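Be aware that the sequence shown starts at 57, since it is given in the numbering used here, and climbs by one per residue.
No residue lacks a Cβ here, since even glycine has one placed at the ideal position from N, Cα and C.
As the structure is a prediction and not an experimental result, all values here were calculated from the model.
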Amino acid sequence: MNRKHMQWLAFTLLKLCALMVVAVLFVIIFDIASKGAGAISWEFLTEAPKNHMTQGGIFPAIWGTLLLSIGAILLAFPTGVLTAIYLTEYSAQSRTIIFIDAAITNLAGVPSIVFGLFGFALFVAFFGFGASMLAGSLTLALMVLPIIIKTSEEALLSVPHSFREASLALGATKWQTVRHSVLPYAVPGLLTGLILGVSRAAGETAPILFTAAAYFLPSLPSSVFDQTMALPYHLYILSTQSFNLKATEHLQYGTALVLLGLVLALNLAAIIVRSHFRRKYRW
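Rendered as structure tokens:
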């Protein structure tokens, strides 16, 4: 087999792998949408659950998921970006920095249940926040922080080094160089980390299982120290703890469909902002 045939075979296999991934994604989305579309209604999206969660809607869970996700990102994104700036722009390569970088990489692969137990021990028990939105958001922030740091590092390193040299040669300080010559061109990559963080924070059950989520709480939280319902935990309860799993099957798929739609909407908003910055800052 000559080189041209080998290249054709390699590209064909790569295309098949990509098509398989997309096909599996569409099968999952189609299955959830076809079974959950019947449960979607204005009442389902705006009312609280009732009758042991076999009737009513999921609005408190939608609202709780939004609050927890936004709270986690507000805490994790600035911290992650500032950490990445320090590691890429200010710190010199040393054993300490190499160790920190390895620790961040390992933390990105820690199971979410471990973060949940850690959040319970630290925020709920030690700091005395109790099971609350604050404890849940802090736990989710810790979980997505390594992902944001690593993606932010890659975004900063992708900016050509000549941009920094030109800025410094014109007399700019190190921070002025980072602020005006590096960060604007790294924003699309930074927002990629934001998208990944939002997606994971919105869809996780284990971290909020011990720190924030309530089994049944039809009223909306009034402060950060209140518990809240959340779509992932609500779906878990409907699927495993319901008195009549068959009676709530359409609600399970409806909740899963709303969760997918919510994550998609959050991602789409970040993608639109990222596209704007990509058009504005090109090199």
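Element boundaries [alpha helix (DSSP H), containing Glu209]:
Counting along the chain, the alpha helix (DSSP H) containing Glu209 begins and ends at Met189 to Leu213.
Between Tyr289, Ala181, Ser295 and Lys336, which has its C-alpha nearest Leu124's C-alpha?
Among Tyr289, Ala181, Ser295 and Lys336, the Cα nearest to that of Leu124 belongs to Tyr289.
Helix, strand or coil at Lys302 [DSSP, three-state]
If DSSP states are grouped into helix, strand and coil, Lys302 belongs with coil.
Assuming Asp157 is part of the alpha helix (DSSP H), what are its boundary residues?
Secondary structure note for Asp157: its alpha helix (DSSP H) is the uninterrupted segment Arg151 to Leu163.
Are the beta-carbon atoms belonging to Thr135 and Leu178 less than 9 angstroms from one another?
Cβ distance not < 9 angstroms, so Thr135 and Leu178 don't count as in contact.
What are the partner residues of Thr284, as DSSP defines its beta bridges?
DSSP lists Ala269 as partners of Thr284.
If you check the beta carbons only, do Leu190 and Phe281 fall under 9 angstroms apart?
Contact: yes.
Where DSSP assigns a beta bridge to Lys106, which residues make up the other side?
Answer is Gln111, bridged to Lys106.
Ordered along the chain, which non-local residues of its own chain (more than five positions away) have a Cβ less than 8 angstroms from that of Tyr146?
So the list reads Lys230, once near-sequence residues are dropped.
Just to confirm, is the Cβ distance from Gly249 to Phe115 under 9 angstroms?
For the pair Gly249 and Phe115, the CB atoms are not nearer than the 9 angstroms cut-off.
Short Cβ contact (9 angstroms threshold) for Pro263 with Phe171
Yes, they are a contact pair.
Short Cβ contact (9 angstroms threshold) for Arg330 with Val243:
Taking 9 angstroms as the Cβ cut-off, Arg330 and Val243 qualify as a contacting pair.
Straight-line gap, Ile84 to His306 (C-alpha atoms, nearest Å):
If you take the alpha carbons of Ile84 and His306, they lie about 16 angstroms apart.
Suppose you measure from the CA of Ala258 to the CA of Val319; what does that come to, to the nearest Å?
In this model, Ala258 and Val319 are separated by some 7 angstroms (Cα to Cα).
Does the structure place the region 309-325 close enough to the region 86-93 that three or more beta carbon pairs sit under 8 angstroms?
Segment contact: the region 86-93 against the region 309-325, three or more CB-CB distances shorter than 8 angstroms; contact assigned.
Within 10 angstroms of its Cβ, does Met76 collect 16 or more other Cβ (buried), or is it exposed?
Exposed.
Let's see if you can read the secondary structure: which residues bound the alpha helix (DSSP H) around Ile169?
For Ile169, the enclosing alpha helix (DSSP H) has its first and last residue at Ser168 to Gly175.
In chain order, what residues of the same chain lie with their CB nearer than 7 angstroms to the CB of Ala197, ignoring the 5 residues before and after it?
So the list reads Ala128, Leu131 and Ala132, once near-sequence residues are dropped.
Buried versus exposed call for Tyr271 [16 or more other C-beta atoms within 10 Å across all chains shown]
Classification of Tyr271: exposed, given that the 10 Å Cβ count is below 16.
If you follow the alpha helix (DSSP H) that Ile251 is in, where does it begin and where does it stop?
Residues Leu239 to Gly259.
So, helix, strand or coil for Phe185, using DSSP?
Residue state for Phe185 is assigned as coil, using DSSP reduced to three classes.
Decide if Val80 is buried, meaning its Cβ has at least 16 other Cβ atoms within 10 Å, or exposed.
Val80 should be labelled exposed.
Going by Cα to Cα distance, which pick from Phe86, Pro105, Gly113 and Ala104 is closest to Ile96?
Comparing Cα positions, the closest option is Gly113.
Roughly how many angstroms lie between the CA atoms of Lys302 and Gly120, to the nearest whole one?
Their Cα atoms are separated by approximately 26 angstroms.
Tell me the residue span of the alpha helix (DSSP H) that contains Gly227.
Where Gly227 is concerned, there is no enclosing alpha helix (DSSP H), given that its DSSP letter is neither H nor E.
For Ala117 and Pro274, believed in contact at Cβ under 8 angstroms, the rounded distance
The beta-carbon distance between Pro274 and Ala117, rounded to whole angstroms, is 10 angstroms. This is too long to meet the 8 angstroms contact definition.
Count the other C-beta atoms from every protein chain shown that fall within 10 angstroms of the C-beta of Thr304, then say buried if there are 16 or more, exposed otherwise.
Classification of Thr304: buried, given that the 10 Å Cβ count is 16 or more.
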